[in-house]
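Asks: Counting from 1 along the sequence shown, just add 228 to a position and that's the residue number in our numbering. Below is a structure I'd like to ask you about.
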Amino acid sequence: MSTADTDATATAQSTTAAAGAPDQEQSKVPSNATSPEQASTASAQVNFLAAATAALLQTPATAANNDCAPNLAQTRAAIDEVDEHIAALLAQRQALVKYAAALKLGEGEGVVSAVREQSLLHHGAALEQKYHLPSALMQDLQRRILRQSYKEVGNLLSGEQNPDPTMVDAAGAAKRGNTAAAAGYATMEVVLVGGRGGMGRFIQRYLESASYNVSIVEPEDYKVDDKGAPVTALAASRAAQRLAHADWCIIAVPIDVTTQVINTVAPLLRPSCILSDITSIKERPLEAMLKAHCGPVLGLHPMFGPDTFSLVKQVVVAVPGRDFSRCEFICEQFKRFGAHVVLCTASEHDEAMRVIQALRHFTTIAYGNFLRTLVPQKAAPAAPAATAAAATATATATATAAANTPEQGTVVAAAQGEARATGNAFLERLLELSSPIYHLELMMVGRLFAQDPHLYCDIISASQVNLDLIQRYVTCAQQCLNLLLKQDKGEFISEFNETTAFFGPHARDFLQESSAILALVQDTYPVKD
Numbered sequence: 229m230s231t232a233d234t235d236a237t238a239t240a241q242s243t244t245a246a247a248g249a250p251d252q253e254q255s256k257v258p259s260n261a262t263s264p265e266q267a268s269t270a271s272a273q274v275n276f277l278a279a280a281t282a283a284l285l286q287t288p289a290t291a292a293n294n295d296c297a298p299n300l301a302q303t304r305a306a307i308d309e310v311d312e313h314i315a316a317l318l319a320q321r322q323a324l325v326k327y328a329a330a331l332k333l334g335e336g337e338g339v340v341s342a343v344r345e346q347s348l349l350h351h352g353a354a355l356e357q358k359y360h361l362p363s364a365l366m367q368d369l370q371r372r373i374l375r376q377s378y379k380e381v382g383n384l385l386s387g388e389q390n391p392d393p394t395m396v397d398a399a400g401a402a403k404r405g406n407t408a409a410a411a412g413y414a415t416m417e418v419v420l421v422g423g424r425g426g427m428g429r430f431i432q433r434y435l436e437s438a439s440y441n442v443s444i445v446e447p448e449d450y451k452v453d454d455k456g457a458p459v460t461a462l463a464a465s466r467a468a469q470r471l472a473h474a475d476w477c478i479i480a481v482p483i484d485v486t487t488q489v490i491n492t493v494a495p496l497l498r499p500s501c502i503l504s505d506i507t508s509i510k511e512r513p514l515e516a517m518l519k520a521h522c523g524p525v526l527g528l529h530p531m532f533g534p535d536t537f538s539l540v541k542q543v544v545v546a547v548p549g550r551d552f553s554r555c556e557f558i559c560e561q562f563k564r565f566g567a568h569v570v571l572c573t574a575s576e577h578d579e580a581m582r583v584i585q586a587l588r589h590f591t592t593i594a595y596g597n598f599l600r601t602l603v604p605q606k607a608a609p610a611a612p613a614a615t616a617a618a619a620t621a622t623a624t625a626t627a628t629a630a631a632n633t634p635e636q637g638t639v640v641a642a643a644q645g646e647a648r649a650t651g652n653a654f655l656e657r658l659l660e661l662s663s664p665i666y667h668l669e670l671m672m673v674g675r676l677f678a679q680d681p682h683l684y685c686d687i688i689s690a691s692q693v694n695l696d697l698i699q700r701y702v703t704c705a706q707q708c709l710n711l712l713l714k715q716d717k718g719e720f721i722s723e724f725n726e727t728t729a730f731f732g733p734h735a736r737d738f739l740q741e742s743s744a745i746l747a748l749v750q751d752t753y754p755v756k757d
């Protein structure tokens with residue numbers, strides 16, 4: 229066996245040991261995990277390919293004088309073969325990652341380890357130097373692999389993906405990462421009020437995967453008992469029966485009805501029950517929960533939408549209300565799922581959200597609406613001045629009559645379809661002419677318009693303070709425009725420099741970070757002829 233083969237075998241054996249699989253437990257390793265023998269074989273293949281590649285890499289002059297030198301087609305075939313081996317190694321690595329994740333959960337560790345991630349990236353930097361790779365190439369690959377790993381573990385935790393039975397066994401049991409037991413709960417009964425919404429379903433999947441018993445309460449549950457028979461008394465309803473057994477009640481309803489629902493639900497809870505909400509404002513809901521419920525209160529705000537593929541590295545804001553020591557396991561649970569939990573007061577949260585959400589959503593919506601106005605709308609032919617009033621009256625009468633005809637839907641649909649086609653052509657042209665940064669900005673605008681308008685209206689108009697802030701923004705924008713209209717270049721640059729000083733070192737950091745993101749975005753674009 230060559231020295232390289234011996235080193236590869238030793239490395240593979242140490243990797244297996246580090247994953248937490250002792251010798252007597254080897255039978256429990258998933259069938260698609262990497263064994264030392266497989267790793268050694270893979271290493272030998274890579275060494276062979278490296279030698280073959282070295283032979284191919286002749287100088288142009290040497291290749292030109294060598295009848296046996298590979299042509300372009302042969303070289304491309306060799307590249308494809310290398311890619312084949314890279315894919316096989318990636319598959320083996322992912323199998324080990326899944327197994328390690330199950331082991332970590334079984335041992336009470338979280339999904340994400342900042343120390344481990346940094347260690348991997350440092351190792352990647354060392355490999356770049358060892359194999360004379362371009363700077364950050366290996367680290368970029370590792371980050372992409374990590375993202376996929378986090379996604380797959382997120383699917384496992386959220387119940388989106390059935391785990392390999394050997395992984396569940398390795399984790400110790402079905403309780404993958406439950407923190408309620410450490411808080412003294414043999415079983416944890418959770419009631420999600422509004423659990424059929426997007427965020428409610430998202431949270432339900434995660435909690436159920438960690439062996440929380442989750443039940444749902446929807447509006448119809450206040451009108452029937454547990455057998456579906458109509459009731460007139462709230463105390464006899466299915467909702468009341470479920471809420472009476474809750475250890476943790478989560479309010480997951482639209483902002484405009486949150487206080488009303490809290491006031492309905494709270495009297496049905498036990499004093500020991502933890503009461504939470506997940507709305508995007510915190511002062512009013514927290515005040516309502518503290519007033520209506522005498523037990524523990526914890527406000528929550530998941531800073532992401534239900535389309536998120538994993539909780540890993542997502543932010544969850546936690547606002548303590550009462551008896552936080554009895555609620556800490558909830559924060560630990562989200563950390564165990566991989567989220568970054570931020571503690572703050574209700575006022576701190578709402579002040580920040582006015583900028584992060586209300587103002588930002590307003591500017592995005594205004595920009596999207598403005599883009600729509602740039603597309604020419606087809607106008608009806610102008611009528612002669614003498615008959616304009618009569619034409620208007622006739623058109624109004626015709627439209628009123630048409631509103632009651634079967635053809636109305638077809639006419640409206642056709643008009644909407646034509647407007648949509650025109651808008652699509654306009655946007656396609658913008659994208660074709662866009663740099664990566666504007667492409668990304670346009671994507672973020674379009675992303676918002678693919679979601680629920682009621683939600684964004686509620687977030688923006690949640691308080692008069694939000695609207696006052698937006699008015700200040702509009703005034704600031706007008707002042708900036710006035711400088712340009714007056715061609716006051718000196719004052720414009722002065723304002724610009726003051727804002728640069730306001731950002732301080734963050735300006736340079738943001739430039740570097742955004743450049744890295746834009747490079748990744750550019751990589752996703754297909755090559756066009």
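The C-beta atom is built at its ideal place from N, Cα and C for all residues, glycine as well.
In angstroms with no decimal places, state the Cα-to-Cα distance between Gln357 and Ala364.
Replies: Walking along the sequence shown from the start, residue 357 turns up at place 129. Walking along the sequence shown from the start, residue 364 turns up at place 136. Taking the straight line joining both Cα atoms gives about 10 Å.
Asks: Among Phe565, Ala411, Tyr684, Asp696, which has the Cα closest to the Cα of Glu579?
Replies: Counting from one through the sequence shown, the residue named residue 579 turns up at place 351. With distances taken between Cα atoms, Glu579 lies closest to Asp696.
Asks: Could you say which of Ala467, Phe730, Ala408 lies nearest to Gln438 if we only look at CA atoms?
Replies: One-based indexing of the sequence shown puts residue 438 at position 210. Per the sequence presented here, residue 438 reads as Ala, with Gln not at that position. Answer by Cα proximity: Ala408.
Asks: Contact between the stretch 494-510 and the stretch 525-532: three or more CB pairs below 8 Å?
Replies: Judged by Cβ distances under 8 Å, the stretch 494-510 makes contact with the stretch 525-532, as three or more pairs qualify.
Asks: Mark Val419 as exposed unless 16 or more other C-beta atoms lie within 10 angstroms of its C-beta, in which case mark it buried.
Replies: As a first step, residue 419 must be located in the sequence shown, where it is residue number 191. Answer is buried; the Cβ neighbour count reaches 16.
Asks: So, with DSSP's three-state summary, where would you put Pro550?
Replies: Working through the sequence shown from its first residue, we reach residue 550 at position 322. Contrary to the premise, residue 550 reads as Arg rather than Pro in this sequence. Reduced to three states, the DSSP call for Arg550 is strand.
Asks: Quick one, which of Gly428, Arg498, Ser691 has its alpha-carbon nearest Gln585's?
Replies: Locating residue 585 in the sequence shown gives position 357, where the first residue counts as 1. Checking every option, the nearest Cα to that of Gln585 belongs to Ser691.
Asks: Take Ala472 as the anchor and find which of Phe724, Ala463, Ala457 has the nearest alpha-carbon.
Replies: Walking along the sequence shown from the start, residue 472 turns up at place 244. Per the Cα distances, Ala463.
Asks: Would you call Leu661 buried or exposed, if buried means 16 or more other Cβ atoms sit within 10 Å of its Cβ?
Replies: Counted from its first residue, the sequence shown places residue 661 at position 433. Result: exposed.
Asks: Taking Leu658 as the reference, give the member of Val603, Gln370, Ala520 with the closest Cα.
Replies: If you number the sequence shown from 1, residue 658 lands on position 430. For Leu658, the nearest C-alpha among the options comes from Val603.
Asks: So, with DSSP's three-state summary, where would you put Val540?
Replies: Along the sequence shown, read from residue 1 onward, the residue named residue 540 stands at position 312. Looking at Val540 - three-state DSSP - the assignment turns out to be coil, as it is neither helix nor strand.
Asks: By alpha-carbon positions, which one of Gln561, His568, Gly651 ends up nearest to Phe598?
Replies: Here residue 598 corresponds to residue number 370 of the sequence shown, with the count starting at 1. When each option's Cα is compared against that of Phe598, the closest is Gly651.
Asks: What do you get for Met672, buried or exposed, if any count of 16 or more other CB atoms within 10 angstroms of its CB means buried?
Replies: Along the sequence shown, one-based indexing puts residue 672 at 444. Result: exposed.
Asks: Our contact map puts Pro548 next to Leu571 with C-beta atoms below 8 Å; I'd like the distance itself, whole angstroms only.
Replies: One-based indexing of the sequence shown puts residue 548 at position 320. One-based indexing of the sequence shown puts residue 571 at position 343. Confirmed, Cβ separation roughly 7 Å.
Asks: Do you know offhand how far Thr487's Cα is from Leu739's?
Replies: To locate residue 487, count along the sequence shown from 1; it is residue 259. To locate residue 739, count along the sequence shown from 1; it is residue 511. Those two C-alpha atoms are separated by around 42 Å.
Asks: With H, G and I counted as helix, E and B as strand and the rest as coil, what does DSSP make of His734?
Replies: Reading the sequence shown from its first residue, position 506 is the one you call residue 734. Correct three-state label for His734: helix.
Asks: Have a look at the DSSP bridge pairing and note the partners of Asp505.
Replies: Against the sequence shown, residue 505 aligns to sequence position 277. Per DSSP, Ile479, Gly527.
Asks: Let me make sure I understand the geometry here. Which of Ala747, Cys708, Ile479 has the alpha-carbon closest to that of Ser722?
Replies: Against the sequence shown, residue 722 aligns to sequence position 494. It is Cys708 whose Cα lies nearest to the Cα of Ser722.
Asks: Might you give, ordered along the chain, the residues of its own chain that have their beta carbon closer than 8 Å to the beta carbon of Thr592, omitting 5 neighbours on each side?
Replies: Position 364 of the sequence shown, counted from the first residue, corresponds to residue 592. Hits under 8 Å: Met672, Val673, Leu676.
Asks: How is Ile745 classed by DSSP in three states: helix, strand or coil?
Replies: Taking the sequence shown and counting its residues from 1, one reaches residue 745 at position 517. Correct three-state label for Ile745: helix.
Asks: Would you list the residues sitting across from Ser443 in a DSSP beta bridge?
Replies: Translated into positions along the sequence shown, residue 443 becomes position 215. DSSP output for Ser443 lists Val419 as bridge partner(s).
Asks: Evaluate Ala468 with the Cβ neighbour count: other Cβ atoms within 10 Å of its Cβ, from every protein chain shown; 16 or more gives buried, anything less gives exposed.
Replies: Counting from 1 along the sequence shown, the entry for residue 468 is found at position 240. When all chains shown are included, Ala468 counts as buried.
Asks: With the cut-off set at 7 Å, would you say Phe430 and Pro534 are in Cβ contact?
Replies: Counted from its first residue, the sequence shown places residue 430 at position 202. Counted from its first residue, the sequence shown places residue 534 at position 306. In contact: Phe430 and Pro534 (Cβ atoms closer than 7 Å).
Asks: Would you tell me roughly how many angstroms separate the C-alpha atoms of Val347 and Gln370, rounded to the nearest one?
Replies: As a first step, residue 347 must be located in the sequence shown, where it is residue number 119. As a first step, residue 370 must be located in the sequence shown, where it is residue number 142. The sequence given here places Ser at residue 347; Val does not occur at that position. For Ser347 and Gln370, the distance between alpha carbons rounds to 11 Å.
Asks: To the nearest angstrom, how far is it from the Cα of Val583 to the Cα of Leu361?
Replies: The residue labelled residue 583 in the question sits at position 355 within the sequence shown. The residue labelled residue 361 in the question sits at position 133 within the sequence shown. If I take the Cα positions, the gap works out to 42 Å.
Asks: Do you know offhand how far Ala305's Cα is from Leu318's?
Replies: Position 77 of the sequence shown holds residue 305. Position 90 of the sequence shown holds residue 318. Each residue's Cα considered, the two are about 20 Å apart.
Asks: Between Tyr753, Ala567, Val693, Arg466, which has its C-alpha nearest Glu448's C-alpha?
Replies: Counted from its first residue, the sequence shown places residue 448 at position 220. Answer by Cα proximity: Arg466.
Asks: Would you mind sorting Ser538 into buried or exposed? The rule is 16 or more other CB atoms within 10 Å of its CB.
Replies: Position 310 of the sequence shown, counting from 1, holds the residue named residue 538. Per the 10 Å Cβ criterion, buried.
Asks: For Tyr413, which residues in the same chain have their Cβ closer than 7 Å to its Cβ, ignoring the five residues on either side in sequence?
Replies: Residue 413 sits at position 185 when you count from the first residue of the sequence shown. Asp475, listed in sequence order.
Asks: Look up Ala630 in the DSSP assignment and say whether it is helix, strand or coil.
Replies: Numbered from 1 along the sequence shown, position 402 holds the residue referred to as residue 630. For Ala630, the predicted structure reports a pLDDT of 44, less than 50, and the residue's modelled location is therefore unreliable. A value from the coordinates is still provided. Three-state DSSP puts Ala630 in a helix.
Asks: So for Leu739, helix, strand or coil by DSSP?
Replies: Translated into positions along the sequence shown, residue 739 becomes position 511. It is helical.
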